[in-house]
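Down below is the structure, laid out as structure tokens.
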Amino acid sequence: HRLDKDADVPWEDEKFIYVAASRDGPTSHQARVLAPPKSGSGKVLLKLCQDDGTAAERLFTKRDGADFKLARRLDWGDRLDNIAK
């Protein structure tokens with residue numbers, strides 16, 4: 028498990044994990060925030076589960092304008108519905 032996440036420490040930093048299963052297909056494919064956002068002066072770093080199932084980090088800065096304003100309000104588990112790719 029630690030190798031899959033490229034973790035450096037032997038303990039978990041996530042509070043919990045869950046699996047959602049359904050017989051129906053997914054209704055939306057937007058990316059989701061996987062961890063608490065890391066924000067700094069004029070920037071927000073989000074760890075995301077992409078629409079193709081891969082995990083990636085995305086940095087939003089003040090230069091991103093409206094997307095930055097939306098990104099800094101996101102929290103763990105939220106979807107990136109109205110943010111440009």
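Going left to right, the sequence shown walks through residues 28 to 112 as the numbering used here numbers them.
Idealized CB from N, CA, C, for every residue including glycine.
#### Entry: Given 8 Å, three or more beta-carbon pairs between the region 88-101 and the region 69-77
yes
### Message
Helix, strand or coil for Arg90? Go by DSSP, reduced to three states.
### Response
Here residue 90 corresponds to residue number 63 of the sequence shown, with the count starting at 1. The answer is helix: DSSP assigns Arg90 an H, G or I state.
### Query
With 16 as the cutoff for other CB atoms within 10 Å, does Leu73 come out buried or exposed?
For this step, residue 73 is matched to residue 46 along the sequence shown. Classification for Leu73: buried.
### Message
Within the continuous beta strand (DSSP E) that includes Ser66, where are the two ends?
### Response
The residue you call residue 66 lines up with position 39 of the sequence shown. 65-67 is the extent of the beta strand (DSSP E) around Ser66.
### Length of the line joining the Cα atoms of Ile44 and Ala58
Within the sequence shown, residue 44 is the residue found at index 17, counting from 1. Within the sequence shown, residue 58 is the residue found at index 31, counting from 1. Looking at the two C-alpha atoms, the distance is approximately 17 Å.
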